[in-house]
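Chemist: Let me give you the structure first, and then I'll get to my questions.
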């Protein structure tokens, strides 16, 4: 038992040290969660220390607040595409400074309700609002709500830099606190209200009251105060002169916010909302800046992508403005280059882009509102210019249609049963989409949209810059937009077709340089909106519009132009949008009533004038990409297309373009290789006469003879031609004989003769045989003592040499004319008719149209007129 007890005791004693070793270990390590908490606390301490150090370093680098700088306006400079300064934005002269004591409560409260309702409660940063903004951005996406206070907005412009960094944000917060410590709330509000940008050359609340309402700021009504407060968010979008509907909606939002935050009663808000938003709007002052169309566009682009205020930040703004093109557009709009319609209601907007980069090179406009940018702000229905963008472009992209694709042009209806028609109420049966687009038929365009589907068509169009937040319907296929588009938007869409399907948002600002020397590139990124095959196929069809369709009047010889016309119902709008590989120009013209024929044609006229001016050195051509096949197909309307055969006549085929891989597989066998024609048996040749000639001095005649094959001689007639001293050759006889005599040749002259054998039954002519002879010159008699050559007295009854007997006078009785050698052919010896009708006794046939004088004898009688002398022959 004792052994057992001892063993148990020993075991007990042995177990105690083990327990003592285990317990200390557990007490040392503790639970895991405690270690995590302690670790986090330690990390937080370290981070707080590090953050405090970093914050101290960043704050130490912050600029000190300078009241003079806070109130200063730093003019921004604008440079053209060649980096030449062309104008400035901002400046002290563009604003009217207003002290806080002169700012009415309605104006201040309108801005407080809209921009910073807790302005008088926070110390520069509103953490409650900031938290709400973070939550809203998390739920609705970045930019859904801003968290900056009025104090922070003043500091943003003061920092004069656009650096996107934690350091800049920290400095902004720190300086906002410092601003609140150094300046009163009223002083901060005064700084803020005097640095606001509105539109054009309008800066600050004082100048805004003057320019928009023609009154001092203290005289603004509640509705007017709300309008000016609402405009600040997007001045051009909420301009009551330009966008009255949007402006009214924005003003009413501000009034609702004022009521919500207790600045006014709901009744006051409702009453102010009833005011016409355009009531009391003053006429805009004329701005003579030749680049005024760019001011708002430049401001909008920079404000969209930075936090700085262009009008007061002293920026260097580098743009794509082409000053030469802009000057021409300005002159054209003023009527200096072409006749502009005189109607005050007639309006025009023009945008010119670089097709490859989307850079805006020129903007132009004409209309009744001098502060309205008709190129970028006017929203009008696009008419048929939308067809490549919303109808045929998507069909080629998604359905792989070719330029040959056949559709039926016929009476048709929208899907809801509402009928519609072509512009001239005529229909053309089966047509290719090339022909339908060229002649702007409506029915095929709608059918194209329907086959693609509205959703896909809208997706394609939005990718080309068309409005996204509109309810697209089938009426959009023909340009029946609810709100419309600008010439800037249409230029951007068409430029993508000329840029191999790459869309680059139209822009004018390339980069900006801030006062601290930092630079920022603002050019948008290129986006692939379609395949290069779609871009080329649409472009080639639009070439047909310009070459032989509705756009012929816009064509410029020598330039490779693609483009499209467009008109709207009752012809209140007329468009032409076209492009070369280098330049895209979009022209809109319109009025709120039906235009005249001259006004309707003006868009094409403007396009042609500007493109002729800027494209004079443009030799670029659209190039077919490897993704497109060029195929000759039958033009008989077959569906699907049938390739032309090798022997298809030209009149039965046409050249069309297909997306590679969709080319027609069937070839025409209608036309076979023609059987070779039997060549007609060629007649046996006619032998060449062998001609010889000599001068018989005794007979004073040229003797012409020719040898010829006796077997053939009976079947040919010989044509003899003569020329003298290299003069013109004349036919002097046609004869069956083998000889001919020419009497009384001119001494000292050289005569050339040709004899041609002519077969009687088929008039086949031989090669002419030729020969020539020179007649010796006559010897002159020796002169008498007086140095005169004695004249031989005429025989009795003869006239002196060179004289003809008077008409009808016969030689004296009993005398005969001196004998002459009888002519071989009575009509050929015309006596003194001679070759030139002057030399007596000379043979000949006078030259054409010139008869000789009757001869002195011979069987030819007084002949000598000859056939060539008869004007009736």
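In our numbering, the protein residues as written are 3 to 875.
Idealized CB from N, CA, C, for every residue including glycine.
Excluding the five sequence neighbours on either side, which residues of its own chain have a C-beta within less than 6 Å of the C-beta of residue 423, listed in chain order?
Modeler: So no residue of the chain qualifies.
Chemist: Assuming residue 453 is part of the alpha helix (DSSP H), what are its boundary residues?
Modeler: Residues 444-454.
Chemist: Report the rounded CA-to-CA distance for residue 226 versus residue 374, giving the unit in angstroms.
Modeler: If I take the Cα positions, the gap works out to 20 Å.
Chemist: Look at the alpha carbon of residue 317 and the alpha carbon of residue 531, and state the distance between them as a whole number of angstroms.
Modeler: Distance between the alpha carbons of residue 317 and residue 531 is about 33 Å.
Chemist: Cα separation between residue 754 and residue 739?
Modeler: If I take the Cα positions, the gap works out to 19 Å.
Chemist: Quick one: Cα of residue 551 to Cα of residue 441, how far?
Modeler: Taking the straight line joining both Cα atoms gives about 6 Å.
Chemist: So for residue 80, helix, strand or coil by DSSP?
Modeler: Of the three classes helix, strand and coil, the one that applies to residue 80 here is strand, per DSSP.
Chemist: Could you have a look at residue 848 and say whether DSSP puts it in helix, strand or coil?
Modeler: In this prediction, residue 848 scores a pLDDT of 41, lower than 50, which makes its location untrustworthy; no coordinate-derived value is stated.
Chemist: Which word fits residue 449, buried or exposed, when buried means at least 16 other C-beta atoms lie within 10 angstroms of its C-beta?
Modeler: Buried is the call here.
Chemist: For residue 521, which residues from the same chain have a beta carbon less than 8 Å from its beta carbon, with the 5 sequence-adjacent residues on both sides left out?
Modeler: Excluding residues within five positions, the ones whose Cβ falls inside 8 Å are 513, 514 and 515.
Chemist: Grouping DSSP H, G and I as helix and E and B as strand, with all else coil, what is residue 297?
Modeler: Note: residue 297 maps to helix in three-state DSSP.
Chemist: Helix, strand or coil for residue 24 per DSSP?
Modeler: Per-residue confidence for residue 24 stands at a pLDDT of 46, beneath the threshold of 50, marking its modelled position as unreliable; the derived number appears in the next sentence. Residue 24: helix per DSSP, three-state reduction.
Chemist: Bridge partners for residue 466 per DSSP, in chain order?
Modeler: Partner(s): none; residue 466 has no beta bridge.
Chemist: Can you tell me the Cβ-Cβ gap for residue 80 and residue 69, rounded? I've got them flagged as a contact below 8 Å.
Modeler: That belief does not hold up - the Cβ atoms of residue 80 and residue 69 are roughly 29 Å apart, past 8 Å.
Chemist: Distance check for residue 232 and residue 378, CA to CA, integer angstroms please.
Modeler: If I take the Cα positions, the gap works out to 21 Å.
Chemist: So what does DSSP say about residue 334, is it helix, strand or coil?
Modeler: Residue 334: helix per DSSP, three-state reduction.
Chemist: Cutting at 7 Å between CB atoms, please list the residues of its own chain near residue 698, excluding the five before and the five after it.
Modeler: Once the five neighbours on either side are set aside, the close Cβ partners of residue 698 are 705.
Chemist: List the residues that DSSP assigns as beta-bridge partners of residue 696.
Modeler: Looking at the DSSP assignment, residue 696 forms a beta bridge with 705.
Chemist: Are residue 199 and residue 156 closer than 7 Å when you measure CB to CB?
Modeler: Contact: no.
Chemist: Using three-state DSSP, classify residue 91 as helix, strand or coil.
Modeler: Strand.
Chemist: List the whole-angstrom C-beta distance separating residue 768 from residue 758, where the pair is believed to meet the contact cut-off of C-beta under 8 Å.
Modeler: Rounded, the Cβ-Cβ distance is 6 Å, consistent with contact.
Chemist: According to DSSP, is residue 408 helix, strand or coil?
Modeler: Note: residue 408 maps to strand in three-state DSSP.
Chemist: Are the segment 548-562 and the segment 610-626 touching, with three or more C-beta to C-beta distances below 8 Å?
Modeler: Verdict: yes, contact present.
Chemist: Mapping DSSP to helix, strand and coil, what is residue 615?
Modeler: Note: residue 615 maps to helix in three-state DSSP.
Chemist: According to DSSP, simplified to helix, strand and coil, what is residue 403?
Modeler: Coil.
Chemist: Just how far apart, CA to CA, sit residue 391 and residue 250?
Modeler: Using only the alpha carbons, I get a separation of about 32 Å.
Chemist: Measure how close the beta-carbons of residue 407 and residue 435 come, nearest whole angstrom, since I'm counting them as under 8 Å.
Modeler: Right, the Cβ-Cβ distance comes to about 5 Å (below 8 Å), so this counts as a contact.
Chemist: State the Cα-Cα distance for the pair residue 109 and residue 304, rounded to the nearest angstrom.
Modeler: So the two alpha carbons sit approximately 27 Å from each other.
Chemist: How should residue 904 be labelled, buried or exposed, when 16 other C-beta atoms within 10 angstroms of its C-beta is the threshold for buried?
Modeler: Since the first residue shown for the chain is 3 and the last is 875, residue 904 is missing from the structure and cannot be characterised.
Chemist: Do residue 451 and residue 479 have their C-beta atoms closer together than 7 Å?
Modeler: Their beta carbons are under 7 Å apart, which means residue 451 touches residue 479 by this criterion.
Chemist: Does the beta-carbon of residue 44 have 16 or more other beta-carbons within 10 angstroms, so that it is buried, or is it exposed?
Modeler: Exposed is the call here.
Chemist: Could you give the first and the last residue of the continuous beta strand (DSSP E) run that contains residue 773?
Modeler: Note, residue 773: beta strand (DSSP E), 771-776.
Chemist: Counting pairs of Cβ atoms below 8 Å between the segment 356-372 and the segment 111-121, do you hit three or more?
Modeler: Because the criterion of three Cβ pairs below 8 Å is not met, the segment 356-372 and the segment 111-121 do not touch.
Chemist: Apart from the five residues on each side of it in sequence, which residues of its chain come closer than 6 Å, Cβ to Cβ, to residue 192?
Modeler: 102.
Chemist: Answer yes or no: do residue 752 and residue 742 have a C-beta to C-beta separation smaller than 7 Å?
Modeler: No, they are not a contact pair.
Chemist: Using 10 angstroms around the beta-carbon of residue 590, count the other beta-carbons present and answer buried if the total reaches 16, otherwise exposed.
Modeler: Residue 590 is buried by the Cβ-count criterion.
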